[in-house]
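Enquirer:
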Amino acid sequence: MTWFDALLITFWAILTALGARRGLSGLAWGLGGVALCFLANSLSGSPMAAALIALMLSAGLAIALGRLIPAPLAQAWHMAPGALGGFLLGGLLIATAVLSFPLDVQVTTRGPQGTYPSPSLPPAIYDAVRNSAVQNALRGVWGSGATLKTLLIPDQARGL
């Protein structure tokens, strides 16, 4: 486990706690966030357009949730679904962060070979990401289906 893993897990725990604090709206926030990320990545060919689409859709989602769920913590058990929503959104965000570093492609006699992360990163960051337990657990995403790639690494899903 590296300092990078500790940072990611801390961020994940914070989002889980925020979801729990929001109660039922935390569940809707988490599930809606995952759906909006997928939708924005599916609809757009550029990162800037995807960010703009996600920003507009998330503003609409926030307004809708405020009206649909007026008392998100009416009962104590509402914290559990909220924590689940925060956990799902946090997992998506840390997976995206782990897989967003530059990829180094070298052409060999066997064809192009990708190295992740790129060795051109600063040594402290390269070592932390390369030895990251979270990054190693997510290695299967590179060879996964189009849906998961669209959600986590949209540039690779489109072949950029």
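Start counting the sequence shown at 1; every next residue gets the next number (my numbering). C-beta: ideal position from N, C-alpha, C; glycine also.
Taking the alpha carbon of P72 as the reference point, which residue from A137, G23, V105, G30 has its own alpha carbon closest?
Expert: Stepping through the sequence shown from its first residue, residue 72 is reached at position 72. The shortest Cα separation from P72 among A137, G23, V105, G30 belongs to G23.
Enquirer: Take P117 as the anchor and find which of S100, A28, A13, P70 has the nearest alpha-carbon.
Expert: One-based indexing of the sequence shown puts residue 117 at position 117. The residue with the shortest Cα to Cα distance from P117 is S100.
Enquirer: Using only CA atoms, which one of A74, W77, G86 lies nearest to V34?
Expert: As a first step, residue 34 is located in the sequence shown; it is residue number 34 there, counting from the start. When only C-alpha atoms are compared, the closest one is G86.
Enquirer: For A74 and R21, what's the separation of their Cα atoms in angstroms?
Expert: Looking up residue 74 in the sequence shown gives position 74. Looking up residue 21 in the sequence shown gives position 21. C-alpha separation (whole angstroms): 12 Å.
Enquirer: So which of T16, L148, V105, I125 has the shortest CA-CA distance to A83?
Expert: For the purposes of this step, residue 83 is taken as residue 83 along the sequence shown, with counting starting at 1. Nearest C-alpha to A83: T16.
Enquirer: Measure the CB-CB distance between L203 and S58 and report whether it falls below 8 Å.
Expert: Outside the shown range of the chain (1 to 160) lies residue 203, about which nothing can therefore be said.
Enquirer: Please report the distance separating the alpha-carbon of A49 from that of T108.
Expert: Against the sequence shown, residue 49 aligns to sequence position 49. Against the sequence shown, residue 108 aligns to sequence position 108. Approximately 34 Å, taken between the alpha carbons.
Enquirer: In angstroms, rounded to a whole number, what distance separates the CA positions of M1 and I125?
Expert: Looking up residue 1 in the sequence shown gives position 1. Looking up residue 125 in the sequence shown gives position 125. If I take the Cα positions, the gap works out to 14 Å.
Enquirer: If you reduce the DSSP assignment to three classes, tell me which class T115 lands in.
Expert: As a first step, residue 115 is located in the sequence shown; it is residue number 115 there, counting from the start. Note: T115 maps to strand in three-state DSSP.
Enquirer: So, with DSSP's three-state summary, where would you put Q75?
Expert: Residue 75 sits at position 75 when you count from the first residue of the sequence shown. In this structure, Q75 counts as coil in the three-state DSSP scheme.
Enquirer: Classify T2 as helix, strand or coil using the three-state DSSP reduction.
Expert: Here residue 2 refers to the residue found at position 2 of the sequence shown. Three-state result, T2: coil.
Enquirer: Does DSSP put T108 in a helix, in a strand, or in coil?
Expert: Translated into positions along the sequence shown, residue 108 becomes position 108. In the structure shown, T108 sits in a strand (DSSP, three-state: E or B).
Enquirer: The alpha helix (DSSP H) that contains L39, what's its start and end?
Expert: By one-based count along the sequence shown, residue 39 stands at place 39. Its alpha helix (DSSP H) spans residues 24-43.
Enquirer: Just the C-alpha distance for G26 and L61, rounded to the nearest angstrom, thanks.
Expert: As a first step, residue 26 is located in the sequence shown; it is residue number 26 there, counting from the start. As a first step, residue 61 is located in the sequence shown; it is residue number 61 there, counting from the start. Taking the straight line from one Cα to the other gives about 12 Å.
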